[in-house]
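Quick note: the sequence shown uses this note's numbering, first residue -4, plus one each step.
The beta carbon of each residue, even a glycine, is placed where N, CA and C say it ideally should be.
None of the values given here were measured: they were computed from a predicted structure.
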Amino acid sequence: MGKDVIAMANAVQLKRRQRLTNGFTTIELAITLGIILVVTAVAIPSFLNTYRMYQLSDAASQVAGILKSTRLEAIRRNTTLGCMITQTAAIPPLTRIWTDSNKDSAEDPGDARVHLTGAVNLIGAGSVPGTGALATAVGAQLTTPPLANTTINFDQRGAGNVNAVYALYIANSNALDIGYRALILFPSGSIQIWQADGQGNWRFLK
-4 MGKDVIAMAN AVQLKRRQRL TNGFTTIELA ITLGIILVVT AVAIPSFLNT YRMYQLSDAA
56 SQVAGILKST RLEAIRRNTT LGCMITQTAA IPPLTRIWTD SNKDSAEDPG DARVHLTGAV
116 NLIGAGSVPG TGALATAVGA QLTTPPLANT TINFDQRGAG NVNAVYALYI ANSNALDIGY
176 RALILFPSGS IQIWQADGQG NWRFLK
């Protein structure tokens, strides 16, 4: 009798070892894969939106950075320097923004620069919702310079030699629902960055 019990216990242990050795069953694998697919389907849209919003903020920071760099260089050299902006009519457009360090109106290898070449780019004010509300929040009438060819100058004191408050708008043409960024340049030379959702509800960013 004792031998029979030991034999049965050994048989059970052997079956357990075989199950562990054989790994997952087909049903277990199907359930696991189904859970992975569901989690992935839920996570990907959220990840894409987060990445696109990062692209918007990064582009705004780059454009603000080149404007600030031009301003500081004008102060350092005690002269007037221009930050030039050109944009092609291609789709997507190629936007070039650079410090015209030698004042030849051309982008040279040594010039500080930013190129926006993809869907995330400068856009005209007419494509941006809530610009009136933004102007009210800023407390000034906003002017968007021509993107095809414009120069924003800074004098030796760092002031912009314009009488208007400039607004440069940035959006992702493939995902306008994620929102917009606006760079506000005051005649004093100071720069603000604002952000909005897809409906044009603006708030100060920095």
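- When Cβ pairs closer than 8 Å are counted between the two stretches, the stretch 181 to 201 is seen to touch the stretch 53 to 73, the count reaching three or more.
- When DSSP assignments are scanned along the stretch 36 to 118, the uninterrupted stretches of beta strand (DSSP E) that are 3 or more residues long and fall wholly within it turn out to be 76 to 82, 90 to 94, 108 to 111, 115 to 118.
- With respect to N196, G125 sits close: the two C-beta atoms are nearer than 8 Å.
- Contact check for I179 against V160 passes: the beta carbons are separated by less than 8 Å.
- Considering only R176, S183, L28, G193, the residue with the shortest C-alpha distance to L200 is R176.
- The beta carbon of G77 sits closer than 6 Å to those of D95, T146, N148, all from its chain and outside the five residues before and after it, given in chain order.
- Beta bridge pairing from DSSP links V33 with no other residue.
- Residues V115 of the same chain have their beta carbon placed closer than 6 Å to that of Q50, with the five preceding and five following residues left out of the count.
- Per DSSP, T131 is one residue of the alpha helix (DSSP H) stretching across 126 to 133.
- Shown here, A177 sits in a strand according to DSSP, grouped into three states.
- Distance from the Cα of P140 is smallest, within the candidate group R152, T131, N158, A132, for N158.
- Around the beta-carbon of I86, fewer than 16 other beta-carbon atoms lie within 10 Å, marking it exposed.
- Contact annotation: T75 and N156 have beta-carbon atoms nearer than 8 Å.
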